[in-house]
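Trainee: Have a look at this one before I ask anything.
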Amino acid sequence: MIGIFRLSLKDFLTRKFILLSILPFLVAVVLLGGFMIFGGKELFDTLSLGAQSGDFSFLDESEYPWLAKALTFGLTKWIISALFYVAGTFLVLMLSVFIALGVAGFLTPIVAKELNLRHYNLVKESEPSFWRVMKLMGIELVKFIVILLICLPLLFIPVINLFAINIPFFYLYYKFLLVDVASNALDKTKFELAYKKGGGYGFIFACIVFYILCLVPFVGLFFQLFFVIYLTHILYSKERKNSLKY
Numbered sequence: 178m179i180g181i182f183r184l185s186l187k188d189f190l191t192r193k194f195i196l197l198s199i200l201p202f203l204v205a206v207v208l209l210g211g212f213m214i215f216g217g218k219e220l221f222d223t224l225s226l227g228a229q230s231g232d233f234s235f236l237d238e239s240e241y242p243w244l245a246k247a248l249t250f251g252l253t254k255w256i257i258s259a260l261f262y263v264a265g266t267f268l269v270l271m272l273s274v275f276i277a278l279g280v281a282g283f284l285t286p287i288v289a290k291e292l293n294l295r296h297y298n299l300v301k302e303s304e305p306s307f308w309r310v311m312k313l314m315g316i317e318l319v320k321f322i323v324i325l326l327i328c329l330p331l332l333f334i335p336v337i338n339l340f341a342i343n344i345p346f347f348y349l350y351y352k353f354l355l356v357d358v359a360s361n362a363l364d365k366t367k368f369e370l371a372y373k374k375g376g377g378y379g380f381i382f383a384c385i386v387f388y389i390l391c392l393v394p395f396v397g398l399f400f401q402l403f404f405v406i407y408l409t410h411i412l413y414s415k416e417r418k419n420s421l422k423y
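Shown next as structure tokens:
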């Protein structure tokens, strides 16, 4: 793992990859800035004022009487205020990370090809189909929504909510990286095998570390390409070891 880290860092610090790593950062900043300017700020201010003052008059009391009644209690207001600030900050952070991840995904073919030429020279017998990759990502997105819905009640429990809110987002982050990196680094058959095995323990552990780093503002924006480089090296090095056995 240390050898892969050093090799990944060496590749990342080359002029080509440093310039490419700026792209996810810029796109995420521009899109989030545009969202805040064109509508996001008004929504944020409305919910923030409601959470602070307890005035949720923008809700239709005749349509949601139980919700309007619940919002009049002091404890409910306190819980909503706490949830609003925690969830709001977290969701903005996650949105920026997944925007950067999406942009980095378009760069993964370049990364995989470059790393293979530099270090491995492995031959891919067949490419995973585009529609197969899209289908798997769609399946993982549905699973993410289900896990998120299951975890929602836990958001009202202090301390536990800090862990519960991360479970679905880590799942989506890990699975999207697995499908993206493996589909570009491996051939069709080996991609399916890697997907079924979850990429292996090294891949999973690396995704856990990278996800935690993404919780630090701006780290997940600029270093997303480094994460892709590292994970690509994991799959390539494993593939080379397997090829040497035969």
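Using the numbering used here, the letters of the sequence shown map in sequence onto residues 178 to 423. Where is the CB? At the ideal position from N, CA and C, for every residue including glycine.
Assess, as a yes-or-no matter, whether the segment 381-394 is touched by the segment 312-332 under the definition of 3 or more beta carbon pairs within less than 8 Å.
Mentor: With a cut-off of 8 Å, the segment 381-394 and the segment 312-332 do not count as touching, because too few Cβ pairs lie within range.
Trainee: Note down, in chain order, each residue of its chain lying with its Cβ closer than 7 Å to the Cβ of Ile322, except the 5 sequence neighbours on either side.
Mentor: Hits under 7 Å: none found.
Trainee: Should Ile179 be labelled buried (16 or more other beta-carbon atoms within 10 Å of its own) or exposed?
Mentor: The residue is exposed, with fewer than 16 neighbouring Cβ atoms inside 10 Å.
Trainee: Spatial neighbours of Ile411 within its chain, please: CB distance less than 7 Å, with the 5 preceding and 5 following residues excluded, ordered by chain position.
Mentor: Same-chain partners within the cutoff: Ile181, Gly379, Phe380 and Ala383.
Trainee: With a CB to CB cut of under 8 Å and the five nearest residues on each side skipped, what residues in its chain are close to Leu398?
Mentor: Excluding residues within five positions, the ones whose Cβ falls inside 8 Å are Pro201, Phe202, Ala205, Val206, Ser273, Val274 and Ala277.
Trainee: Return helix, strand or coil for Phe400, following the three-state DSSP convention.
Mentor: Three-state result, Phe400: coil.
Trainee: Count the other C-beta atoms from every protein chain shown that fall within 10 angstroms of the C-beta of Ser306, then say buried if there are 16 or more, exposed otherwise.
Mentor: So Ser306 ends up on the exposed side.
Trainee: Need the endpoints of the alpha helix (DSSP H) that Ser185 sits in, please.
Mentor: Ile179 to Phe189 is the extent of the alpha helix (DSSP H) around Ser185.
Trainee: Should Asn298 be labelled buried (16 or more other beta-carbon atoms within 10 Å of its own) or exposed?
Mentor: Asn298 comes out exposed.
Trainee: Give the straight-line distance between the Cα atoms of Lys367 and Leu318, rounded to the nearest whole angstrom.
Mentor: If you take the alpha carbons of Lys367 and Leu318, they lie about 22 Å apart.
Trainee: Considering only their Cβ atoms, is the gap separating Ala281 from Val393 smaller than 7 Å?
Mentor: No.
Trainee: Can you tell me whether Phe235 is buried or exposed, with buried defined as 16 or more other CB within 10 angstroms of its CB?
Mentor: Legend: pLDDT at Phe235 = 48, less than 50; position of this residue unreliable, value from coordinates given subsequently. Flag for Phe235 reads exposed.
Trainee: In chain order, what are the residue ranges of uninterrupted alpha helix (DSSP H) at least 4 long that sit wholly in the segment 355-419?
Mentor: Entirely contained in the segment 355-419, the alpha helix (DSSP H) runs reaching 4 residues are, in chain order, 365-373, 378-391 and 396-399.
Trainee: Relative to the C-alpha of Leu209, which candidate in Leu197, Phe283 and Met271 has its C-alpha closest?
Mentor: If we check each option's Cα against that of Leu209, Met271 comes out closest.
Trainee: Considering only residues of the same chain and omitting the five flanking positions on each side of Asn361, which have a CB-CB separation below 6 Å?
Mentor: Cβ within range, chain order: Thr285, Pro286 and Ala289.
Trainee: Roughly how many angstroms lie between the CA atoms of Glu302 and Gly211, to the nearest whole one?
Mentor: So the two alpha carbons sit approximately 43 Å from each other.
Trainee: Please look up how many angstroms separate the CB atoms of Ile195 and Phe267, rounded, as I've assumed it's under 8 Å.
Mentor: With a Cβ gap of about 29 Å, Ile195 and Phe267 do not count as contacting.
Trainee: Does Val356 pass the burial test, meaning 16 or more other C-beta atoms within 10 Å, or should it be called exposed?
Mentor: The residue in question, Val356, is buried, as its Cβ has 16 or more Cβ neighbours within 10 Å.
Trainee: Would you tell me roughly how many angstroms separate the C-alpha atoms of Asp188 and Leu294, rounded to the nearest one?
Mentor: The straight-line gap from Cα to Cα measures roughly 12 Å.
Trainee: Output the distance between the C-alpha atoms of Arg183 and Leu292, rounded to the nearest integer angstrom.
Mentor: Going by the C-alpha atoms only, they are around 14 Å apart.
Trainee: Less than 7 Å separating the beta-carbons of Leu159 and Leu354?
Mentor: There is no way to answer for residue 159, as the model of the chain reaches only from 178 to 423.
Trainee: What's the C-alpha gap between Leu190 and Phe347?
Mentor: In a straight line, the C-alpha of Leu190 is about 27 Å away from that of Phe347.
Trainee: Determine the DSSP secondary structure at Leu299, reduced to helix, strand or coil.
Mentor: Reduced to three states, the DSSP call for Leu299 is coil.
Trainee: For Asn338, count neighbouring C-beta atoms within 10 Å of its own C-beta (all shown protein chains included) and say buried if the count is 16 or more, exposed if not.
Mentor: Asn338 should be labelled buried.
Trainee: I need the straight-line Cα distance from Tyr372 to Val396, nearest angstrom please.
Mentor: Distance between the alpha carbons of Tyr372 and Val396 is about 27 Å.
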